[in-house]
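Enquirer: Under UniProt numbering, the sequence shown is numbered contiguously, ending at residue 256. Even glycine gets a Cβ: it sits at the ideal position worked out from N, Cα and C.
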Amino acid sequence: MKLSQVALQLYTLRDHCRDAAQFAATAKRVREIGYTAVQISGVGPIPESELVAITRGEGLSICATHEPGPKILDETGAVIDRLQALGCRNTAYPNLAGIDLADAGQLETLARKLDAAGARLRAAGLTLGYHNHACEFARFRDTTIFEYLLSRTDPRNLVSELDTFWVWYGGHDVVDWCRRLRGRLPFIHLKDYGITVGNHHEYREIGAGSLPFPKIIAEAEAGGCEWFIVEQDETPGDPFVSVRQSFEYIRDHLVS
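1) Rounded to the nearest angstrom, what separates Ile206 and Trp227 at their Cα positions?
2) Measuring CA to CA, which of Ile40, His201, Val52 is closest to Gln9?
3) Following the continuous alpha helix (DSSP H) through Val241, name the residue where it begins and the one where it ends.
4) Beta-carbon within less than 8 angstroms of His172's beta-carbon, same chain only, minus the 5 sequence neighbours each way: which residues are those?
5) For Gly224, which option in Phe187, Arg112, Gly87, Thr153 has the closest C-alpha, if you only look at C-alpha atoms?
6) Near Glu219, what residues of its chain come up, given a Cβ to Cβ distance below 6 angstroms and the 5 sequence neighbours on each side ignored?
7) Would you check if the region 40-51 and the region 11-28 touch, i.e. whether three or more CB-CB distances between them fall below 8 angstroms?
8) What would DSSP say about Gly207, mapped onto helix, strand or coil?
9) Pick out the complete alpha helix (DSSP H) segments inside the region 161-189, 4 residues or longer, and give them in chain order.
10) Are there 16 or more other CB atoms within 10 angstroms of the CB of Arg184, so buried, or fewer, so exposed?
11) Report the CB separation of Asn117 from Ile72 in whole angstroms; it is logged as a contact under 8 angstroms.
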């Protein structure tokens with residue numbers, strides 16, 4: 001992994017991206033930390049033209065986005081237009097909100113719609129990923145929800161934006177999943193996992209938790225991963241301090 005492949009998921013800084021002025025100040029600080037790419041998610045209603053002007057002006061590329069799940073499935077053309085306006089190739093279905101996981105019919109419909117949306121994006125030269133949480137590792141029939149969705153979609157139409165924290169929290173081996181997703185993992189969320197003295201899980205800066213990131217990155221890179229995206233859903237204090245800590249650990253310990 002090269003440092004130029006390390007990006008920041010702006011959801012981590014969502015409270016500092018509510019309007020164009022905030023976004024511009026945030027982009028400047030992100031670039032000063034050392035990141036050269038970002039994923040657009042959790043930002044305010046800022047026109048695509050402004051997002052592009054601000055990020056390019058600071059020397060940042062937009063490597064990916066998250067778009068609302070229903071919009072991906074039912075307004076795929078609008079998603080394609082947005083990605084093209086942003087000059088961005090990758091997006092991801094962000095979560096299973098609104099899906100009854102106990103309803104096999106809803107999961108079957110979701111798989112069918114993901115495959116169809118992914119085919120349309122692929123025809124436009126774009127990539128649809130699936131961003132997992134832990135619930136996808138619940139059992140479904142004789143497998144897990146995650147494995148079911150992957151098996152019912154064409155790998156050319158739906159890839160994985162694997163989230164390392166949630167794989168681990170869901171009771172699975174992140175390195176093993178990177179291996180299983182070879183050729184289907186163009187981007188990954190790097191998010192560390194910690195346990196408090198009160199036996200509660202918490203999000204940690206990269207290198208401050210339990211996950212074996214050297215092995216994770218080596219396996220993801222061997223499988224063709226292009227973007228390694230830092231994300232921390234919640235931080236113990238100033239989120240800019242946390243994203244700097246993660247970047248510096250990656251720079252000093254994980255890049256080739």
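Expert: In brief:
1) Distance from the CA atom of Ile206 to the CA atom of Trp227, rounded to whole angstroms, is 16 angstroms.
2) Out of Ile40, His201, Val52, Ile40 has the C-alpha closest to the C-alpha of Gln9.
3) Val241: member of the alpha helix (DSSP H) spanning 239-253, first to last residue.
4) Within the same chain, and ignoring the five residues on either side of His172 in sequence, the residues whose Cβ sits closer than 8 angstroms to its Cβ are Phe137.
5) Nearest of Phe187, Arg112, Gly87, Thr153 to Gly224, Cα basis: Phe187.
6) Cβ neighbours of Glu219 beyond the five flanking positions: Val175, Cys178, Arg179.
7) Short answer: they touch.
8) Gly207: coil per DSSP, three-state reduction.
9) DSSP assignment within the region 161-189 yields the following whole alpha helix (DSSP H) runs of 4 residues or more, N-terminal first: 164-169, 174-180.
10) With 16 or more other Cβ atoms inside 10 Å of its own Cβ, Arg184 counts as buried.
11) Per the sequence shown, residue 117 should be read as Ala rather than Asn. The C-beta distance from Ala117 to Ile72 rounds to 5 angstroms, short enough to meet the 8 angstroms contact threshold.
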